[in-house]
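So the sequence shown is numbered by the numbering used here: it starts at 4 and just counts up by one. Positions of the beta carbon are idealized from the N, C-alpha and C atoms, including for glycine. Remember, predicted model here, so these are calculated numbers, not experimental data. Each remark here refers to the structure printed beneath this line.
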Amino acid sequence: MLATPEGWGHSIRTVEGGMVCGRLSTELLDPEVALAAAAANLKELARVLHDTAVEVVWDPRQEPWTWTGQVISVADDEIVQADSEG
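So, in structure tokens, the structure goes:
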């Protein structure tokens with residue numbers, strides 16, 4: 004994710020080498036809210052487009068205006084367990 008004057012922009016690099024770019028709603032300016040929204044979008048895309056469950060692991064923040072992370076495939080029962088723990 005990248006902070007812009009218009010809000011948080013995002014890019015997703017696919018395994019095939021493609022890139023999907025977009026922007027979160029301007030109402031999601033708080034970084035923690037934006038991270039959760041971006042992760043939810045990625046999880047939904049993986050479910051709808053690839054019929055797979057994923058989790059997003061955000062890397063430690065290096066700069067105040069940017070975040071990077073990794074999307075990791077997980078089994079459905081791992082998600083249920085993680086949700087019930089948190």
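- Just so you know, the alpha carbons of Val59 and Trp70 end up roughly 12 Å apart.
- Within the model, the alpha-carbon separation for Thr55 versus Leu38 is close to 20 Å.
- Sequence-distant partners of Val23 (beyond 5 residues in either direction) whose C-beta falls short of 6 Å from its own C-beta, in its chain, are Ile15.
- Classified as buried, Val57 has 16 or more neighbouring CB atoms from the shown chains inside 10 Å of its CB.
- Going by beta carbons, Val74 and Leu45 fall inside the 7 Å limit.
- Taking C-beta atoms as the reference points, Ala40 and Leu31 count as a pair closer than 7 Å.
- Apart from the 5 residues on each side of it in sequence, Thr29 sits with its Cβ closer than 6 Å to the Cβ of Gly10 in its chain, given in chain order.
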